[in-house]
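The sequence shown begins at 0 in numbering that gives the first Met the number 0 and counts up one residue at a time.
Data first, discussion second: the structure below is written as structure tokens.
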Amino acid sequence: MSIWHCPPVLEQLNAHGQNTIVELLDIRFEAVDDDSLTASMVVDSRTHQPYGLLHGGASV
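Okay, structure coming up:
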């Protein structure tokens, strides 16, 4: 059983993120199925803490 009332379209999700924090952090929606949505984000100077690890606020 799907959790979506209207299944998301990856191209639309990625386009909707333009000119937002989603684009700034280079978040990309990659897959959608009946009960999940998968996205990726590069860990670099925009998202890591001073010790070089992913900042906890960026992983939510």
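For every residue, glycine included, the Cβ atom is placed at its ideal position computed from N, Cα and C.
Residues sharing a beta bridge with L53, DSSP: On the sequence shown, position 54 is the one that residue 53 refers to. DSSP output for L53 lists H47 as bridge partner(s).
Counterpart residues of V31 in DSSP-defined beta bridges: The count along the sequence shown starts at 1 and reaches residue 31 at position 32. Note: V31 sits in a beta bridge opposite L36.
Compare the beta carbon distance of M40 and L52 with 9 Å and say whether it is the shorter of the two. One-based indexing of the sequence shown puts residue 40 at position 41. One-based indexing of the sequence shown puts residue 52 at position 53. The answer is no: Cβ separation not under 9 Å.
Between R27 and A38, which are expected to be in contact by the criterion C-beta below 8 Å, what is the C-beta distance as a whole number of angstroms? Numbered from its first residue, the sequence shown carries residue 27 at position 28. Numbered from its first residue, the sequence shown carries residue 38 at position 39. So it is a contact: roughly 6 Å between Cβ atoms.
Can you list, in chain order, the residues of its chain with a C-beta nearer than 6 Å to that of A57? Leave out the 5 residues immediately preceding and following it. Walking along the sequence shown from the start, residue 57 turns up at place 58. Answer for A57: T46, listed in chain order.
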